[in-house]
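These protein sequences, in sequence, are chains A and B.
The first sequence begins at 1 in the working numbering and counts up by one.
The second sequence begins at 323 in the working numbering and counts up by one.
Ideal Cβ positions, reconstructed from N, Cα and C, are used throughout, including at glycine.
Keep in mind it's a predicted model, so treat the numbers as computed, not measured.
What follows is one structure encoded as structure tokens, with my remarks underneath.
Protein chains: 2
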Amino acid sequence: MTNIKEIAKRAGVSPSTVSRALSGKGYVSEEKKRRVLAAAEEFDYAPNLNALSLKTGITRRLGLVAPAFIESVSLFTGGFVRAAEENGYTVTLFMTGSDVSKELEALEALRRKQVDALVFVMFKSDLSLIASYTKYGPIVSWQRIIHPDVPSVFMNQYDGYMIALEHLYARGYRRICNIYGAPTRLNTQSRIDAFRDFCAKYELDPCACPSFDDMGNPSHGEQIVRWWLENGQIPDAFATTNDRVAAGMVAEARRLGLRIPEDFAVCGFDNLDFADMLDLTTIHYPVNEQAGNAFSIIRNRIEHIDLPLRPLKFHLVQRGTT
Amino acid sequence: MTNIKEIAKRAGVSPSTVSRALSGKGYVSEEKKRRVLAAAEEFDYAPNLNALSLKTGITRRLGLVAPAFIESVSLFTGGFVRAAEENGYTVTLFMTGSDVSKELEALEALRRKQVDALVFVMFKSDLSLIASYTKYGPIVSWQRIIHPDVPSVFMNQYDGYMIALEHLYARGYRRICNIYGAPTRLNTQSRIDAFRDFCAKYELDPCACPSFDDMGNPSHGEQIVRWWLENGQIPDAFATTNDRVAAGMVAEARRLGLRIPEDFAVCGFDNLDFADMLDLTTIHYPVNEQAGNAFSIIRNRIEHIDLPLRPLKFHLVQRGTT
DNA sequence: TGTTGACCTGAAATCGATGTCACAAATTAT
DNA sequence: ATAATTTGTGACATCGATTTCAGGTCAACA
């Protein structure tokens with residue numbers, strides 16, 4: 001454990017001078033600077049980060065809070081860690097499994113200065129609880145929320161969903177079935193709005209086809225395909241919550257001998273890894289770059305600078321299912 | 323920021339007494355204990371973790387080093403974080419992108435006491451370099467290595483691959499083509515050994531069918547299918563590096579109008595998320611529990627206890643491609 | 001010659017906790 | 001009654017850095 005005192009002794013100076021020589025702040029004669037650097041080299045000295053954090057009150061550590069690290073959360077995490085590390089920050093994980101008590105632990109870690117800031121990928125806690133911790137450090141959310149103290153870098157799913165709908169229309173599909181996620185999410189409302197406006201634009205009946213709520217897994221996709229086979233004529237196309245639901249539909253169709261896109265078309269969402277392997281048309285969004293934006297917001301607040309945010313856009317990835 | 327001194331002042335005692343009252347170590351009268359607890363409650367006091375780390379030399383933070391956080395690395399990360407958090411540890415990420423200088427940064431973080439220990443999921447650095455940092459804290463590797471100071475919790479791929487081969491044999495496939503990963507990996511050698519022993523057991527010619535080296539992506543799988551169509555009769559079955567290669571083969575077969583498993587069978591490896599959606603037969607391994615074992619090894623070294631490691635086994639997940 | 005300011009240095013305070021130590025009071029043992 | 005423990009408490013040192021402060025040298029300038 002070579003510490004600053006030993007370096008000072010070896011170089012024949014005081015600890016203050018060692019600190020100055022190594023940090024480059026304040027005056028140090030060339031002569032002593034050389035001696036300090038030599039001693040640091042000789043003892044392979046590296047300052048203790050805990051001491052530094054205690055003294056300065058800054059840890060250069062950020063907390064990332066998520067239920068689990070799979071699918072698009074992995075993409076976000078990767079983008080966030082990259083941006084953080086490029087700027088000399090380090091990222092600590094808090095895995096909640098959607099448990100609010102675990103979310104509270106992450107908030108407490110902020111209060112206890114284990115991290116300088118938090119990014120919530122998804123959460124279930126009361127927004128007011130989370131906001132009350134902003135006095136201990138910046139908090140940013142990926143999940144779409146509205147609060148003056150907790151900025152959110154959400155995807156504008158109105159735009160993304162509209163791209164999917166426009167694409168389906170352009171390919172000639174008119175009877176479109178919406179498969180939505182959790183109805184309480186603001187994102188779901190955006191998609192409903194997009195569909196309403198889409199129908200108005202092309203003079204389609206928004207009620208022509210029933211929609212499905214609270215769908216998110218492959219098994220949901222399978223259920224929907226089977227439901228339609230038993231309950232009337234299957235729609236021309238499905239606009240789905242995400243690629244997982246879409247994958248379930250594709251798999252079930254294959255099993256039942258239905259042809260895609262002839263019998264029905266499917267458009268996914270997220271462009272996850274496997275969408276390519278399944279030849280699934282989907283909507284892509286640069287989640288990793290958005291995570292970079294989340295980091296920029298945090299850094300802006302911590303260092304009182306004004307990094308610009310990168311504007312991001314959805315785009316269609318057309319494959320064989322439409 | 324309310325610190326221990328303020329609590330002391332409010333409760334009318336010394337900081338030492340506050341520390342004793344809150345930690346439960348040493349003698350404190352009931353009366354003062356109550357006063358301290360009340361003051362701590364009133365000021366919503368939580369000890370500063372940096373001060374604690376500095377004083378005790380223990381951070382209860384672990385570093386996880388990986389090139390990126392996708393696929394099975396995500397599974398490992400999830401399992402590791404869960405085990406760590408259950409035991410009061412926190413996990414800090416180091417994303418290397420296979421860059422040795424980034425790996426060095428993680429090692430330096432250990433030396434500078436930002437973390438108590440490290441787990442390398444995968445690495446490229448010299449093993450001797452990594453081992454030289456074990457004097458600063460325990461280091462464990464998931465990648466299979468052999469070193470007295472750096473334990474590794476690898477998968478015994480001999481067993482896993484043998485299960486795949488036995489399965490293919492049982493289903494009647496005799497002409498089996500091996501698709502291997504990076505030839506320098508110890509894992510690859512294990513698989514080659516498994517195939518040798520498999521052929522000996524059933525008196526098959528190990529050279530009956532050429533094998534492929536250094537394959538790992540869907541595009542590799544596609545290439546292999548096309549290669550066989552141009553270069554002789556396609557084998558009965560393929561035993562593959564991982565699910566990604568297998569998925570590429572399945573996708574290409576579908577595109578070319580080949581039937582699976584009639585024209586050829588495919589067995590994947592890893593049982594990633596999408597294997598189910600692709601109806602891919604594959605070999606499963608409880609990676610998340612193995613990550614739990616990695617954590618146990620670390621905890622054993624840090625706390626000088628002797629937690630047992632959970633024995634883990636591969637198993638076959640049969641689906642439609644065999 | 002006196003003043004100003006740049007340069008240089010180390011002692012000491014500080015960050016926020018823990019833990020040792022000395023000492024006093026209360027309790028128990030002899 | 002005296003000795004030996006147990007209980008209870010605060011002063012102070014410590015972890016390893018940074019930073020303020022006071023004081024010193026030295027050259028330039030009025």
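- In chain order, Ala390, Phe391, Ile392, Met417 make up the part of chain B whose C-beta sits under 8 Å from the C-beta of glycine 78 (chain A).
- When secondary structure is reduced to three states using DSSP, leucine 451 (chain B) falls in the helix class.
- The beta carbon of lysine 32 (chain A) does not come within 8 Å of any beta carbon belonging to chain B, so the residue lies off that interface.
- DSSP, reduced to helix, strand and coil, places methionine 484 (chain B) within a helical segment of the structure shown.
- DSSP lists A:Thr90 as the bridge partner or partners of arginine 61 (chain A).
- Taken through DSSP and simplified to helix, strand or coil, valine 335 (chain B) comes out as coil.
- Residue burial annotation: leucine 451 (chain B) is exposed, with fewer than 16 other C-beta atoms found within 10 angstroms of its C-beta.
- Not one beta carbon of chain B lies nearer than 8 Å to the beta carbon of serine 128 (chain A).
- When DSSP reads this structure, serine 141 (chain A) sits in a beta bridge with A:Phe120, A:Ser152.
- Between the alpha carbons of threonine 282 (chain A) and threonine 418 (chain B) lies a distance of about 30 Å.
- The three-state secondary structure of methionine 277 (chain A), taken from DSSP, is helix.
- Shown here for leucine 186 (chain A): same chain residues with a beta carbon closer than 6 Å to its own, the five before and five after excluded, namely Arg144 in chain order.
- Using a Cβ-Cβ distance cut-off of 8 Å, the stretch 490–507 of chain B and the stretch 530–540 of chain B are in contact, since at least three pairs of beta carbons, one from each stretch, lie closer than that value.
- For cysteine 267 (chain A), DSSP records a beta bridge to A:Ala239.
- Looking at B:Gly554, B:Cys589, B:Met571, B:Ala453, the one whose alpha-carbon comes closest to that of glycine 482 (chain B) is B:Cys589.
- Burial of glycine 400 (chain B) is indicated by the presence of at least 16 other C-beta atoms within 10 angstroms of its C-beta.
- Near chain B, meaning a CB-to-CB distance below 8 Å, the residues of the stretch 19–53 of chain A are Ala46, Pro47, Asn48, Leu49, Asn50, Ala51, Ser53.
- Excluding residues up to 5 positions away in sequence, Phe517, Arg518, Cys521 lie with their Cβ nearer than 7 Å to the Cβ of proline 528 (chain B) in the same chain.
- Here the alpha carbons of arginine 310 (chain A) and valine 100 (chain A) stand approximately 32 Å from one another.
- Your pair glutamine 157 (chain A) and arginine 191 (chain A) checks out as a contact, with CB atoms roughly 6 Å apart and the cut at 8 Å.
- Between arginine 566 (chain B) and asparagine 610 (chain B), the CB-CB gap reaches or exceeds 8 Å.
- Check the Cα spacing between glycine 614 (chain B) and each of B:Asn593, B:Lys424, B:Glu407: the tightest is with B:Glu407.
- Put simply, of A:Arg319, A:Ser16, A:Thr184, A:Gly172 the residue whose alpha carbon is nearest the alpha carbon of lysine 32 (chain A) is A:Ser16.
- Interface criterion not met: the Cβ of glutamate 303 (chain A) is under 8 Å from no Cβ in chain B.
- Residue-level contact check: leucine 107 (chain A) does not touch chain B, since none of the beta carbons of chain B fall below 8 Å from its beta carbon.
- In the displayed model, leucine 316 (chain A) falls within a strand according to three-state DSSP.
- CA-to-CA, the gap between alanine 616 (chain B) and leucine 440 (chain B) works out to about 10 Å.
- When DSSP assignments are scanned along the stretch 190–255 of chain A, the uninterrupted stretches of alpha helix (DSSP H) that are 4 or more residues long and fall wholly within it turn out to be 218–230.
- The beta carbon of arginine 641 (chain B) lies closer than 6 Å to those of Asp601, Leu602, Thr603 in the same chain, with the five residues before and after it left out.
- With respect to chain B, the C-beta atom of methionine 155 (chain A) has no partner C-beta closer than 8 Å.
- Here isoleucine 627 (chain B) is exposed. Its C-beta has fewer than 16 other C-beta atoms within 10 Å.
- Nearest C-alpha to asparagine 372 (chain B) among B:Asp366, B:Ser541, B:Ile380: B:Ile380.
- Comparing alpha-carbon positions, the option among B:Gln511, B:Phe586, B:Lys523 lying closest to arginine 548 (chain B) turns out to be B:Phe586.
- The criterion of a C-beta distance shorter than 8 Å is not satisfied by leucine 594 (chain B) and serine 420 (chain B).
- Flagged as an interface residue toward chain A: alanine 569 (chain B), by a C-beta distance shorter than 8 Å.
- By the criterion of a C-beta distance shorter than 6 Å, lysine 313 (chain A) is surrounded by no residue of its chain, once the five residues flanking it on both sides are discounted.
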